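> Numbering (this note's numbering), first residue to last: 19 to 465. Just so it is clear, CB atoms sit at the ideal spot from N, CA and C, and this is done for glycine as well. Computed from a prediction, not measured in an experiment: that's the story for all the values here. Below you will find the structure I want to go over with you.
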Amino acid sequence: MSATTATGSAPLRLSVIGTGYLGATHAACMAELGFEVIGVDVDQAKVDRLQSGRVPFFEPELEEVLQRNLQAGRLRFTTSFAEAGAGADVHFICVGTPQTPGANAADLSQVRGSVDALAPHLQPGALVVGKSTVPVGTADELASRLAAAAGPDVEVAWNPEFLREGFAVADTLRPDRLVIGVRSARAEQILREVYQPLTDQGVPLLVMDFATAELVKVAANSFLATKISFINAMAEVCEAAGADVTLLAQAIGYDPRIGSRFLAAGLGFGGGCLPKDIRAFMARAGELGAEEALTFLREVDSINLRRRAHTVDLARAALGGSLGGRTVTVLGAAFKPDSDDVRDSPALDVAATLHNSGARVVVHDPKALENAARVYPNLIYQQDLIAALSDAELVLHLTEWREYRDLDPATIPGSGTRHCIDGRNTLDPQRWRAAGWTYRALGRPLA
Ligand code: UDX
């Protein structure tokens, strides 16, 4: 695929500000589409790493795409906003919008800071495109900010990103849809040109106003979070009634109006997006006087957090009522499989609570141990799966990596009564019970 110009002028050059999961992927994938791309980050170490062809986090396929495009000379990384301003026509803002400590609202300091840093270096006619997830109204605010700092020639657009970690490259090169919020035909034309290689393949592109584009992203994440909390609420009822939530999910999922995806009951959602996005959405709705419309998201959040507390209760109960001095192995540290991201990881949250309750907690994860140790230095980390499981009195399966599903429990050394709690409902109960373990899963009957 190669970049083409609908206008017949020189090919568009792109910059991507922020090189985390979103920005690094977007920069590499836009280069893969044929554009000349500059990735910008304030972190020199990250820039050096990317420039040498190494991705600073685990994301399948990304390193190959990065290396291929560095070698082709289409992609480079810098800490210089001046270089980005001079070397690109379209600038994608991909910095983080984390939850503000002690509040529900999003912290927009990185978004504002990156726009302010870029503004003095922008060329006339430049387009600044927000991709970060932001409270509705942010694009409008940034447009005024940019107009004041860089003049009327520079424009803003909004283009929310829906990629999932673990599938970031595939989701960027083959998205379900593209959404652009624009205020002028020119901005629309530029973004149509950027995404032409994708729209040529049939990817739908929806054009709308700023506010709707911003809301599409938080609405989508709220819906996904609600779907997960819905099935986890059903899991609570199933446990009380002696029913099986996995069969229930399968049965309701056949209805195409419901759909079977995102109905995996278990420990619930975590990560750098869903939890903080629903909280920021509630906070923003409150500011807008529409708080009541989103009170259900408070319940979505509490159902989700309740799963973590319930898992700790099950662990305590499995060990006869006390965790003090007991050896517990936690399988999984990443917030989901195929990622090394531990931001708001349900697995690590449970592991830390078990540790704080006096248990000796050993954590295994195929990719995320380094990141986990940075956040929770007091847990015991073991890279070898069998070593991590040996002598465990209780195993908690909290992130559903494939290798845990493939593991034969009969090969785990140890003796005495041993317990397994499946927090993700992907282990085979028969196999674990046959190997001498007690097996308990969230939302399913005891035996
Ligand atoms: C999410 C959105 O899916 C994506 O569109 C958006 O751009 C960013 O936020 P991501 O955070 O990468 O992506 O993870 P996702 O695959 O959505 O999973 C989120 C969490 O929900 C994980 O902790 C996962 O374990 C959990 N989950 C997911 C469930 O508990 N049950 C499910 O059925 C699905």
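1) Which term fits Thr417, buried or exposed, when burial requires 16 or more other beta carbons within 10 angstroms of its beta carbon?
2) Going by CA-CA distance only, name the one from Tyr39, Thr97, Ala104, Gly38 that's closest to Glu54.
3) Can you give the Cα-Cα distance for Ala377 and Gly290, rounded to whole angstroms?
4) Is it the case that the CB of Arg297 approaches a heavy atom of the ligand UDX more closely than 8 Å?
5) Tell me the rounded alpha-carbon separation between Val212 and Ala336.
6) Taking C-beta to C-beta, are Phe76 and Lys385 nearer than 9 Å?
7) Compute the Euclidean distance between the alpha carbons of Arg204 and Ile276, then round it to the nearest angstrom.
8) Quick one: what's got a C-beta closer than 6 Å to Gln128's C-beta in the same chain, skipping five residues either side?
9) Quick one: give me the first and last residue of the beta strand (DSSP E) that Glu173 is part of.
10) Assign Val360 to one of three DSSP states: helix, strand, or coil.
11) Do you know offhand how far Thr371's Cα is from Gly155's?
12) Distance, Cα to Cα, Phe248 vs Leu292?
13) Could you tell me the distance, in whole angstroms, from the CA atom of Ser357 to the CA atom of Pro78?
14) Relative to the C-alpha of Asp440, which candidate in Val393, Asp362, Thr329 has its C-alpha closest?
15) For Leu292, is the beta carbon positioned less than 8 Å from some heavy atom of the ligand UDX?
16) For a minimum of 3 consecutive residues, which ranges assigned as the beta strand (DSSP E) are wholly contained in the segment 37 to 98?
17) Rounded to whole angstroms, how far is the Cβ of Ala492 from the Cβ of Ala298, which I believe are closer than 8 Å?
18) Let me check you understand the geometry: is the CB of Ile111 closer than 8 Å to at least one non-hydrogen atom of the ligand UDX?
19) Does DSSP classify Arg458 as helix, strand or coil?
20) When you compare each of Pro364, Gly304, Arg449 to Val442 by their alpha carbons, which one comes out closest?
21) Between the segment 421 to 439 and the segment 251 to 264, can you find at least three pairs of beta-carbon atoms closer than 8 Å?
22) With distances taken between CB atoms, is the gap from Lys354 to Gly184 smaller than 9 Å?
23) Are there any heavy atoms of the ligand UDX lying less than 8 Å away from the beta-carbon of Ala167, as far as the coordinates show?
24) Indicate, with yes or no, if the ligand UDX has a heavy atom lying under 8 Å from the CB of Glu206.
25) By Cβ distance below 7 Å, which residues in the same chain neighbour Thr22 in space, the five residues on each side in sequence not counted?
26) In its own chain, which residues sit with a C-beta less than 7 Å from the C-beta of Leu242, not counting the 5 before and 5 after it?
27) Closer than 8 Å to a non-hydrogen atom of the ligand UDX - does that hold for the CB of Glu179?
28) Among the candidates Ala390, Gly143, Asn250, whose CA atom is the shortest distance from the CA of Asn322?
29) Using a threshold of 8 Å, is the CB atom of Pro222 nearer than that to any non-hydrogen atom of the ligand UDX?
30) Should Met19 go down as buried or exposed, given a rule of 16 or more other Cβ atoms within 10 Å for buried?
31) Need the endpoints of the alpha helix (DSSP H) that Ile296 sits in, please.
32) Should Tyr272 go down as buried or exposed, given a rule of 16 or more other Cβ atoms within 10 Å for buried?
33) Checking the sheet assignment: what are the DSSP bridge partners for Ser33?
34) Should Ala63 go down as buried or exposed, given a rule of 16 or more other Cβ atoms within 10 Å for buried?
35) Taking the continuous beta strand (DSSP E) assigned at Val221, which residues delimit it?
36) Decide if Pro178 is buried, meaning its Cβ has at least 16 other Cβ atoms within 10 Å, or exposed.
Once the coordinates are examined:
1) Thr417 is buried by the Cβ-count criterion.
2) For the residues Tyr39, Thr97, Ala104, Gly38, the minimum Cα distance to Glu54 belongs to Ala104.
3) Straight through space, the alpha carbons of Gly290 and Ala377 are spaced by roughly 27 Å.
4) Answer for Arg297: no, Cβ out of range of the ligand UDX.
5) Going by the C-alpha atoms only, they are around 56 Å apart.
6) Taking the C-beta atoms as reference points, Lys385 is found nearer than 9 Å to Phe76.
7) The alpha-carbon separation between Arg204 and Ile276 amounts to approximately 39 Å.
8) For Gln128, where only same-chain residues beyond five positions count, the Cβ hits under 6 Å are Val113, Gly114.
9) Segment 173 to 176, the beta strand (DSSP E) holding Glu173.
10) Of the three classes helix, strand and coil, the one that applies to Val360 here is coil, per DSSP.
11) Near 38 Å, if we compare the C-alpha coordinates of Gly155 and Thr371.
12) A straight line joining the alpha-carbon of Phe248 with that of Leu292 spans about 14 Å.
13) Ser357 and Pro78: Cα-Cα distance of roughly 8 Å.
14) Asp440 has its Cα closest to that of Thr329, out of Val393, Asp362, Thr329.
15) Yes, the ligand UDX has a heavy atom inside 8 Å of this Cβ.
16) Counting whole runs of 3 or more residues, the segment 37 to 98 contains the beta strand (DSSP E) stretches 54 to 58, 93 to 96.
17) No information on residue 492 is available, as it lies outside the stretch 19 to 465 that the chain covers here.
18) For the ligand UDX, not one heavy atom lies less than 8 Å from the Cβ of Ile111.
19) It is a strand residue.
20) Note that residue 442 is Arg in the sequence shown here, rather than Val. Measuring from the Cα of Arg442, the nearest candidate turns out to be Pro364.
21) The answer is no - the segment 421 to 439 does not touch the segment 251 to 264, with fewer than three Cβ pairs under 8 Å.
22) Contact flag set, yes.
23) No.
24) No heavy atom of the ligand UDX is found nearer than 8 Å to the CB of Glu206.
25) Low confidence applies here, because Thr22 scores a pLDDT of 41, under 50, leaving its location unreliable; read the following figure in that light. Beyond the five residues adjoining it in sequence on each side, Thr22 comes within less than 7 Å, by CB distance, of Gln214 in the same chain, given in chain order.
26) Counting only Cβ-Cβ distances below 7 Å, and skipping sequence neighbours, we find Phe280, Leu292.
27) Annotation for Glu179 indicates a beta carbon within 8 Å of some heavy atom of the ligand UDX.
28) Proximity to Asn322 across Ala390, Gly143, Asn250 peaks at Asn250, based on C-alpha coordinates.
29) Taking 8 Å as the cut-off, the C-beta of Pro222 does not count as close to any heavy atom of the ligand UDX.
30) Unreliable placement is indicated for Met19, whose pLDDT of 39 sits below 50; the coordinate value is still reported in the next sentence. Met19 should be labelled exposed.
31) Run containing Ile296: 292 to 305, per the alpha helix (DSSP H) assignment.
32) The Cβ neighbour count for Tyr272, taken over all protein chains shown within 10 Å, is under 16; the residue is labelled exposed.
33) BP columns for Ser33 point to Ile56, His109.
34) Answer is exposed; the Cβ neighbour count stays below 16.
35) It is not in any beta strand (DSSP E) - Val221 carries neither H nor E in the DSSP assignment.
36) The residue in question, Pro178, is buried, as its Cβ has 16 or more Cβ neighbours within 10 Å.
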